[in-house]
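Below you'll find the structure, written out as structure tokens, and then a few comments.
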Amino acid sequence: MKKTFFARWQRSFLTGLAVTLPAIVSIAAVMWLFRTVSNFTDTLLFFLRFVLDKKYIYENGASGSLFWYWSVLAFVLAVVLISIVGLLARNYIGKRMIDWLDSAMMQVPLFNKFYGAIKQVNDAFSGNKNSFKTVVLVEFPREGMYSVGFLTSEQRAEMQQKTKEKVVCVFIPTTPNPTSGFLVLVPEDKVTRLEMSVADGIKYIVSLGSITPEILPRIGED
Numbered sequence: 250m251k252k253t254f255f256a257r258w259q260r261s262f263l264t265g266l267a268v269t270l271p272a273i274v275s276i277a278a279v280m281w282l283f284r285t286v287s288n289f290t291d292t293l294l295f296f297l298r299f300v301l302d303k304k305y306i307y308e309n310g311a312s313g314s315l316f317w318y319w320s321v322l323a324f325v326l327a328v329v330l331i332s333i334v335g336l337l338a339r340n341y342i343g344k345r346m347i348d349w350l351d352s353a354m355m356q357v358p359l360f361n362k363f364y365g366a367i368k369q370v371n372d373a374f375s376g377n378k379n380s381f382k383t384v385v386l387v388e389f390p391r392e393g394m395y396s397v398g399f400l401t402s403e404q405r406a407e408m409q410q411k412t413k414e415k416v417v418c419v420f421i422p423t424t425p426n427p428t429s430g431f432l433v434l435v436p437e438d439k440v441t442r443l444e445m446s447v448a449d450g451i452k453y454i455v456s457l458g459s460i461t462p463e464i465l466p467r468i469g470e471d
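Sequential numbering of the sequence shown, starting at 250, is according to my numbering.
See the structure below:
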């Protein structure tokens, strides 16, 4: 039976959608990220209203959103400032200044709770000495289903006494955003340690499992 015009159009549309969808989603994600970041970086150009007429700054000529080129300039300025901070953090004086700033922020009531938690997550994913080092495989969320996680520490205090087992802390991140997830206590003999690095583990999670690190053969194996 000869296909109708609608059937041919539907097939062509679905094929075109499958081809263009990755690009459309990527562009939309970049635009969303730029708008989200610009909400913060635009504040770096607070001085513009003192040197230029508002009609040259704001889209509506009075207040609100800046023209896109000012947002791009603010983003570039933010990148430069962050790079300068990174440069300072690599020398002794800069490290002392950052340590002093950390201590000052940790003294602010309520704010220190959020700052401390975010800093710990950042330290974990940036590979600092207190971060998790081992990628593991555990049965989660139920027996027979496996999740990739990160070994964070071994519990030797109250958890050991209450469970009567040698348990370890495993952080199981969500995908594709690995900064949130679940902290589970797993018996050590139920944890399978993987050979992939933490960086490869994060790539595996962020890519929804599509980027699988290559397993190198061990010495003596064919």
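Cβ coordinates follow ideal geometry from the N, Cα and C atoms, glycine included.
{"query": "Please name the residue, chosen from Thr383, Ile421, Tyr364, that lies closest to Pro390 on a Cα-to-Cα basis.", "result": "Ile421"}
{"query": "If we ignore side chains and look at the alpha-carbon of each, how far apart do Leu270 and Ile347 end up?", "result": "43 Å"}
{"query": "Candidates Glu444, Thr424, Cys418: which alpha carbon is nearest Leu432's?", "result": "Cys418"}
{"query": "Count the other CB atoms, across all protein chains shown, that sit within 10 Å of the CB of Tyr395; report buried if there are 16 or more and exposed otherwise.", "result": "exposed"}
{"query": "With distances taken between CB atoms, is the gap from Gly365 to Met355 smaller than 9 Å?", "result": "yes"}
{"query": "Go ahead and label Ser456 buried or exposed: buried means 16 or more other beta carbons lie within 10 angstroms of its beta carbon, across all protein chains shown.", "result": "exposed"}
{"query": "Which residue or residues does DSSP assign as beta-bridge partners of Phe431?", "result": "Ile421"}
{"query": "If you draw a straight line from the C-alpha of Pro436 to the C-alpha of Ile276, how long is it?", "result": "44 Å"}
{"query": "By alpha-carbon positions, which one of Asp438, Thr428, Arg442 ends up nearest to Ile451?", "result": "Thr428"}
{"query": "Cutting at 8 Å between CB atoms, please list the residues of its own chain near Ala474, excluding the five before and the five after it.", "result": "A question about residue 474 goes unanswered here, because the residues of the chain that appear run from 250 up to 471."}
{"query": "Going by Cα to Cα distance, which pick from Thr383, Leu282, Arg345, Leu315 is closest to Ala448?", "result": "Thr383"}
{"query": "Quick check on Ile460: buried or exposed, where buried means 16 or more other Cβ atoms within 10 Å of its Cβ?", "result": "exposed"}
{"query": "What's the gap between the Cα of Glu444 and the Cα of Met408?", "result": "27 Å"}
{"query": "Which residue marks the beginning of the beta strand (DSSP E) containing Phe399, and which one marks its end?", "result": "395-403"}
{"query": "Is it buried or exposed for Leu282, if we count other Cβ within 10 angstroms and need 16 for buried?", "result": "exposed"}
{"query": "Quick check on the DSSP output: the alpha helix (DSSP H) that includes Val440 runs from which residue to which?", "result": "Run containing Val440: none; DSSP gives neither H nor E here."}
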